[in-house]
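Chains as they are written, first to last, in the UniProt record's numbering: chain A, 1 to 804; chain B, 1 to 344.
Yeah, the Cβ is synthetic: ideal placement off N, Cα and C, and Gly gets one too.
All values derive from a computational prediction rather than experimental measurement.
The structure appears right after this line, and notes come after that.
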Amino acid sequence: MFVSYKWLQEYVDLTGITAKQLADRITKAGIEVERVEVRNKGIQGVVIGHVLEREQHPNADKLSKCLVDIGEGEPVQIICGAPNVAKGQKVAVAKVGAVLPGNFKIKRAKLRGEESNGMICSLQELGVESKLVPKEYVDGIFVFPSDAPVGADALELLYLDDEVLELSLTPNRADCLSMIGVAYEVAAILGRSVKLPTIELHENNESVHDYISVRVDAQEDNPLYAGRIVKNVKIGPSPLWMQARLMAAGIRPHNNVVDITNYILLEYGQPLHAFDYDRLGSNEIVVRRAKEGETIVTLDDVERTLTEEHLVITNGKEPVALAGVMGGANSEVQDDTTTVFIESAYFTSPVIRQAVKDHGLRSESSTRFEKGIDPARTKEALDRAAALMAEYAGGEIVGGVVEANTLQLKDVVVTITLHRINRVLGTTITKEEVANILTNLQFTFTEDNGTFTITVPSRRRDIAIEEDIIEEVARLYGYDHLPATLPIGEANPGKLTPYQAKRRKVRRYLEDAGLFQAITYSLTNEAKATMFALETAEPIRLALPMSEERSVLRQSLVPHLLEAASYNRARQVENVALYEIGSVYLANGEHELPNEKERLAGVVTGVWHAHVWQGEKKAVDFYVAKGILDGLFALLGLENRLEYKQAKREHLHPGRTADMLLDGKTIGFVGQLHPIVQKQFDLKETYVFELDLEALLNVEVDDIRYTAIPRFPSITRDIALVVDEHVVAGELQKAIIAAGGELLKDVSIFDVYKGDRLPEGKKSIAFSLRYYDPERTLTDEEVTNVHEQVIKAVEQQFGATLRG
Amino acid sequence: MKERLQQLQQEALEKIEQANDLKALNDVRVAYLGKKGPITEVLRGMGALSPEERPIMGALVNDVREAIQRALEAKQATLEQAEVEKKLAAEAIDVTLPGRPIRRGNHHPLTRVIEEIEDLFIGMGYTIAEGPEVEQDYYNFEALNLPKGHPARDMQDSFYITEEILLRTHTSPVQARTMEKHQGRGPVKIICPGKVYRRDNDDATHSHQFTQIEGLVVDENIRMSDLKGTLREFARKMFGEDRDIRFRPSFFPFTEPSVEVDVSCFNCGGHGCGVCKGTGWIEILGAGMVHPNVLEMAGFDSKKYTGFAFGMGPERIAMLKYGIDDIRHFYQNDLRFLQQFNRV
Ligand SMILES: [Zn+2]
Numbered sequence: 001m002f003v004s005y006k007w008l009q010e011y012v013d014l015t016g017i018t019a020k021q022l023a024d025r026i027t028k029a030g031i032e033v034e035r036v037e038v039r040n041k042g043i044q045g046v047v048i049g050h051v052l053e054r055e056q057h058p059n060a061d062k063l064s065k066c067l068v069d070i071g072e073g074e075p076v077q078i079i080c081g082a083p084n085v086a087k088g089q090k091v092a093v094a095k096v097g098a099v100l101p102g103n104f105k106i107k108r109a110k111l112r113g114e115e116s117n118g119m120i121c122s123l124q125e126l127g128v129e130s131k132l133v134p135k136e137y138v139d140g141i142f143v144f145p146s147d148a149p150v151g152a153d154a155l156e157l158l159y160l161d162d163e164v165l166e167l168s169l170t171p172n173r174a175d176c177l178s179m180i181g182v183a184y185e186v187a188a189i190l191g192r193s194v195k196l197p198t199i200e201l202h203e204n205n206e207s208v209h210d211y212i213s214v215r216v217d218a219q220e221d222n223p224l225y226a227g228r229i230v231k232n233v234k235i236g237p238s239p240l241w242m243q244a245r246l247m248a249a250g251i252r253p254h255n256n257v258v259d260i261t262n263y264i265l266l267e268y269g270q271p272l273h274a275f276d277y278d279r280l281g282s283n284e285i286v287v288r289r290a291k292e293g294e295t296i297v298t299l300d301d302v303e304r305t306l307t308e309e310h311l312v313i314t315n316g317k318e319p320v321a322l323a324g325v326m327g328g329a330n331s332e333v334q335d336d337t338t339t340v341f342i343e344s345a346y347f348t349s350p351v352i353r354q355a356v357k358d359h360g361l362r363s364e365s366s367t368r369f370e371k372g373i374d375p376a377r378t379k380e381a382l383d384r385a386a387a388l389m390a391e392y393a394g395g396e397i398v399g400g401v402v403e404a405n406t407l408q409l410k411d412v413v414v415t416i417t418l419h420r421i422n423r424v425l426g427t428t429i430t431k432e433e434v435a436n437i438l439t440n441l442q443f444t445f446t447e448d449n450g451t452f453t454i455t456v457p458s459r460r461r462d463i464a465i466e467e468d469i470i471e472e473v474a475r476l477y478g479y480d481h482l483p484a485t486l487p488i489g490e491a492n493p494g495k496l497t498p499y500q501a502k503r504r505k506v507r508r509y510l511e512d513a514g515l516f517q518a519i520t521y522s523l524t525n526e527a528k529a530t531m532f533a534l535e536t537a538e539p540i541r542l543a544l545p546m547s548e549e550r551s552v553l554r555q556s557l558v559p560h561l562l563e564a565a566s567y568n569r570a571r572q573v574e575n576v577a578l579y580e581i582g583s584v585y586l587a588n589g590e591h592e593l594p595n596e597k598e599r600l601a602g603v604v605t606g607v608w609h610a611h612v613w614q615g616e617k618k619a620v621d622f623y624v625a626k627g628i629l630d631g632l633f634a635l636l637g638l639e640n641r642l643e644y645k646q647a648k649r650e651h652l653h654p655g656r657t658a659d660m661l662l663d664g665k666t667i668g669f670v671g672q673l674h675p676i677v678q679k680q681f682d683l684k685e686t687y688v689f690e691l692d693l694e695a696l697l698n699v700e701v702d703d704i705r706y707t708a709i710p711r712f713p714s715i716t717r718d719i720a721l722v723v724d725e726h727v728v729a730g731e732l733q734k735a736i737i738a739a740g741g742e743l744l745k746d747v748s749i750f751d752v753y754k755g756d757r758l759p760e761g762k763k764s765i766a767f768s769l770r771y772y773d774p775e776r777t778l779t780d781e782e783v784t785n786v787h788e789q790v791i792k793a794v795e796q797q798f799g800a801t802l803r804g
Numbered sequence: 001m002k003e004r005l006q007q008l009q010q011e012a013l014e015k016i017e018q019a020n021d022l023k024a025l026n027d028v029r030v031a032y033l034g035k036k037g038p039i040t041e042v043l044r045g046m047g048a049l050s051p052e053e054r055p056i057m058g059a060l061v062n063d064v065r066e067a068i069q070r071a072l073e074a075k076q077a078t079l080e081q082a083e084v085e086k087k088l089a090a091e092a093i094d095v096t097l098p099g100r101p102i103r104r105g106n107h108h109p110l111t112r113v114i115e116e117i118e119d120l121f122i123g124m125g126y127t128i129a130e131g132p133e134v135e136q137d138y139y140n141f142e143a144l145n146l147p148k149g150h151p152a153r154d155m156q157d158s159f160y161i162t163e164e165i166l167l168r169t170h171t172s173p174v175q176a177r178t179m180e181k182h183q184g185r186g187p188v189k190i191i192c193p194g195k196v197y198r199r200d201n202d203d204a205t206h207s208h209q210f211t212q213i214e215g216l217v218v219d220e221n222i223r224m225s226d227l228k229g230t231l232r233e234f235a236r237k238m239f240g241e242d243r244d245i246r247f248r249p250s251f252f253p254f255t256e257p258s259v260e261v262d263v264s265c266f267n268c269g270g271h272g273c274g275v276c277k278g279t280g281w282i283e284i285l286g287a288g289m290v291h292p293n294v295l296e297m298a299g300f301d302s303k304k305y306t307g308f309a310f311g312m313g314p315e316r317i318a319m320l321k322y323g324i325d326d327i328r329h330f331y332q333n334d335l336r337f338l339q340q341f342n343r344v
């Protein structure tokens with residue numbers, strides 16, 4: 001809402017308060033003034049001139065030579081390039097020495113050999129946006145009414161000396177979508193009174209019922225429909241002050257009838273529509289829901305197909321307006337219109353919202369109906385419009401109002417105690433202060449022993465309950481006066497849940513291990529949604545996606561991590577190590593919420609470690625990725641419950657992928673990207689992993705228990721076992737541990753060999769075994785006994801032989 | 001004989017002095033003190049001396065030997081020291097060459113901000129509540145005083161999956177769920193961080209996915225002044241001890257009264273600068289007293305219980321705090337961006 005400071009003074013006294021100060025006060029009290037536009041963009045010395053003579057410039061086809069009276073001394077000669085300049089016009093003249101926007105100084109000049117002492121200005125040259133300039137003057141100079149006084153300040157007449165407050169209204173304050181509504185708000189803030197317009201209605205002896213009848217078939221959508229007939233109007237420009245106010249408010253002037261409806265819309269917040277009575281095509285107005293497939297050509301010359309969800313104004317046969325949104329072209333007021341039917345109605349919000357949505361048509365009218373108007377002013381606005389048409393369009397008001405009224409206006413009464421106000425706010429506001437605020441708001445109330453009974457005016461439809469009154473008191477009392485306290489009451493210690501605490505440790509670990517935390521989008525495309533997923537379900541699609549790329553909820557974090565890796569690679573960042581913790585979404589049936597499961601995923605590619613000048617450089621491989629995970633499981637105390645199993649998974653290298661099993665249950669995978677997928681994402685050798693984080697963090701883990709530091713020496717024996725190449729180290733190690741019993745404390749692998757020095761199809765794995773007894777020093781013999789059992793076990797289970 | 005000894009001592013000391021490595025020194029030792037050396041020879045010749053002269057001469061020989069021995073030891077120490085120094089000098093390295101790098105990642109800047117905020121409120125006795133991102137219309141809207149048909153819940157603004165299920169547009173449904181779990185009994189004191197979704201085109205200031213942190217306190221006798229005190233505490237811990245806050249009236253369907261909360265500019269201290277657009281204040285939060293309809297729907301008696309709620313955007317805070325100019329950076333995961341948040 002644009003509020004002209006000059007215009008606002010019609011309704012509330014602003015003496016002693018500048019536009020800027022007013023803006024601050026309004027903002028502080030709850031309606032944000034987004035900006036204050038100074039309409040004068042640096043203009044000086046522009047006055048009203050009278051074009052006494054106009055003739056063709058002798059040397060230029062497109063220029064006119066004009067003699068203009070500017071109200072000082074002799075008339076001056078001005079060369080003008082506007083096509084519409086003519087003798088007898090009143091125009092805006094920038095005198096010699098004047099300044100136009102952009103610090104453009106007007107000097108005496110010679111144009112094609114003819115002297116020019118000033119410039120006749122278009123509105124655009126005075127800083128008015130083209131879209132606000134009346135259509136007939138868009139390509140030329142603006143012509144003032146003939147009664148504009150010569151020599152007067154043109155800026156003042158055009159309201160270009162004005163300042164405009166741009167209000168950013170929250171949806172509850174639809175009351176401020178009108179000048180009068182804003183006036184009430186300003187009056188409440190300043191503690192001043194509101195002056196409402198006086199309406200002088202001179203009706204003729206005829207009866208409106210002889211002209212037209214009204215019937216509403218959709219009373220829920222339209223509880224009140226009122227209309228008046230104004231005849232003998234003469235279509236022409238509206239008065240300059242009205243045009244100026246409309247332009248200040250961001251509305252382009254058209255003609256007197258249309259301007260008056262727009263003016264009332266701004267003044268009262270009541271949208272009106274003016275029909276050309278003679279073009280209505282009947283003597284009746286019927287308001288009803290549209291029929292499926294019915295069409296209307298609206299004022300913007302667009303044919304619109306309607307449904308039963310739209311409300312139309314009809315002439316009993318066909319639609320003449322899309323109710324509350326836009327009039328029909330068939331009944332539009334035109335230059336030859338003489339009799340006008342003015343509609344002032346109250347349409348309810350849902351039906352208007354539907355039309356706006358379906359037709360992508362938002363207008364000043366529809367916005368107000370959508371947000372809710374004050375139906376108590378509907379008929380007053382109608383009267384005011386008729387009176388203005390009589391005054392400024394030479395019309396004659398036909399006696400009476402046609403209406404269909406099923407409106408039940410009920411007073412909203414709120415009762416609240418002073419104690420409650422102070423209890424909720426934490427303040428010590430007095431009874432008198434509350435009474436003062438309510439008075440300034442012009443709310444009717446009684447007060448009895450600290451209990452206020454308040455009748456809320458119909459313009460404030462946002463106020464219905466105690467809390468609304470508390471808010472009114474608080475905002476006008478001033479939040480700066482609110483004390484700052486802390487809640488009283490039992491203080492519970494705050495803390496993270498065990499899951500949240502572990503998750504933080506997981507993050508920190510992964511980062512210290514070299515991975516950066518990524519956050520990617522949850523929405524993806526259909527193809528990526530199920531790629532790499534540990535579990536899959538029916539993809540969950542948005543009903544109205546904005547793009548195919550963001551249309552389905554993901555079931556794995558890996559695809560977007562790969563995209564991130566690819567994004568980096570395309571920007572010459574080749575070494576990428578990212579992890580993400582986030583949800584995946586698994587459908588649970590159409591009417592149920594999906595299962596949201598938290599996953600941990602990672603991607604590593606490029607060089608893992610480089611210290612080049614000392615000759616160290618290590619590319620990422622499977623064991624780098626696995627090492628990161630091993631560390632994670634150790635952090636969580638799960639290293640002995642976790643097992644890797646060779647696995648085959650779609651999109652992963654069939655020979656370089658492992659599933660991870662916790663207590664025998666698969667909880668994730670790690671592997672190299674399949675070359676095809678690698679190419680698809682434009683990556684080099686890349687490893688990914690994904691884990692069910694909830695399984696990992698929710699599993700019970702024993703608390704740390706101290707074990708005695710070794711007091712006796714341990715004995716280490718190394719063995720190199722030759723086995724078939726398909727035997728995996730993990731299985732061998734498991735067998736060794738099982739056979740080693742209590743005394744075997746550690747088993748580690750220190751060499752893996754495959755090659756010429758072994759028979760074809762064989763490999764050797766070398767283990768280091770450490771034996772230890774916490775109670776005593778072991779003898780060589782004891783160790784040898786156990787060690788031989790170990791060797792026997794692997795011989796029996798794997799056909800392993802000791803490498804010579 | 002005496003002269004001979006003194007001459008030998010003289011010679012030996014000179015040779016010791018001249019020895020410039022340990023081998024040369026050893027040669028001197030063998031030459032003068034060895035079994036075949038001249039001093040031993042002198043001793044052998046002592047038999048020819050008179051018994052009176054013998055002890056005198058013996059003492060003299062010892063003196064000479066000791067003098068040579070001392071000189072040898074002294075020289076040995078000097079030479080050894082020199083040897084060590086030479087070796088160490090040869091071992092010198094260029095300490096300005098780069099060290100072996102430690103590979104280290106870091107939090108995403110949003111997590112950094114979120115954890116900091118979580119910790120601040122944990123310190124004030126809050127717990128962290130989490131909830132589903134795919135939510136029922138009821139919890140996302142209805143339970144928050146946004147009945148069907150309310151303008152603020154236009155289909156166009158939310159990602160619906162079915163008519164009753166959508167991607168949550170704020171973390172407030174977690175508040176509704178948590179209150180419901182409390183079955184009408186306070187106190188409730190929670191912080192709800194999480195991802196939320198809106199039907200926006202991604203550009204420098206909009207993202208269809210972003211994060212929010214909301215807070216909720218419900219108890220008997222919770223006052224709006226408690227909200228002000230709590231948020232002032234938060235602002236000071238988050239943005240500096242001399243920060244102040246101000247409330248501006250606003251509107252949210254789930255709170256009444258509702259306010260926007262500004263924090264005095266941490267960049268200029270309130271005098272006005274580019275960060276605060278010259279106003280001295282930066283809008284950081286939306287807040288208010290929990291609407292009685294919201295309390296009642298969650299099973300709380302709104303005559304007995306009151307509460308406050310507040311919400312903020314980690315993206316906005318991170319952008320302000322670190323001077324980030326484009327919200328899309330948070331979701332592109334460009335390492336050149338992420339790596340900038342790798343220190344205290
Ligand atoms: Zn600043």
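- In this structure, the C-beta of Val275 of chain B approaches ligand 1 to less than 7 Å from one of its heavy atoms.
- Within the segment 309-396 of chain A, the runs of beta strand (DSSP E) that reach at least 3 residues and sit entirely inside it are, in chain order, 311-314, 319-322, 340-346.
- Among the bridge pairs identified by DSSP, Ile120 of chain A is matched with A:Val93.
- For Gly286 of chain B, the number of other beta carbons within 10 angstroms of its own is at least 16, and it is reported as buried.
- Interface with chain B (8 Å Cβ-Cβ cutoff): Ile470 of chain A is included.
- No Cβ of chain B is located within less than 8 Å of the beta carbon of Ile454 of chain A.
- Using a C-beta cut-off of 8 Å, the segment 270-278 of chain A makes contact with the segment 335-346 of chain A, since at least three inter-stretch Cβ pairs fall below that distance.
- Taking CB atoms only, Met389 of chain A has no neighbour in chain B less than 8 Å away.
- About 4 Å separates the beta carbons of Val558 of chain A and Phe532 of chain A, which is inside the 8 Å limit, making them a contact pair.
- At a beta-carbon threshold of 8 Å, none of the residues of chain A lie near Ile213 of chain B; the nearest stands roughly 14 Å away.
- The beta strand (DSSP E) runs lying completely inside the segment 200-254 of chain B and spanning 3 residues or more are 209-220, 245-252, given in chain order.
- Taking a C-beta distance under 8 Å as the contact criterion, Ile463 of chain A and Val414 of chain A qualify as a contact pair.
- In the DSSP annotation of this structure, the continuous segment of the beta strand (DSSP E) that includes Phe750 of chain A starts and ends at 744-753.
- Boundaries of the alpha helix (DSSP H) harbouring Phe330 of chain B: 329-332, taken from the DSSP string.
- Contact check between the segment 126-140 of chain A and the segment 28-44 of chain A: three or more CB pairs, one atom from each, fall below 8 Å, which counts as touching.
- Residues of the segment 222-248 of chain B that bring their beta carbon within less than 9 Å of a beta carbon in chain A comprise Ile222, Arg223, Met224, Ser225, Asp226, Leu227, Lys228, Gly229, Thr230, Leu231, Arg232, Glu233, Ile245, Arg246, Phe247, Arg248, in sequence order.
- When Cβ-Cβ separations below 8 Å define contact, Met179 of chain B makes no contact with chain A.
- Taking the Cα positions, Pro98 of chain B is about 15 Å away from Lys617 of chain A.
- With its beta carbon less than 8 Å from one in chain A, Tyr126 of chain B belongs to the interface.
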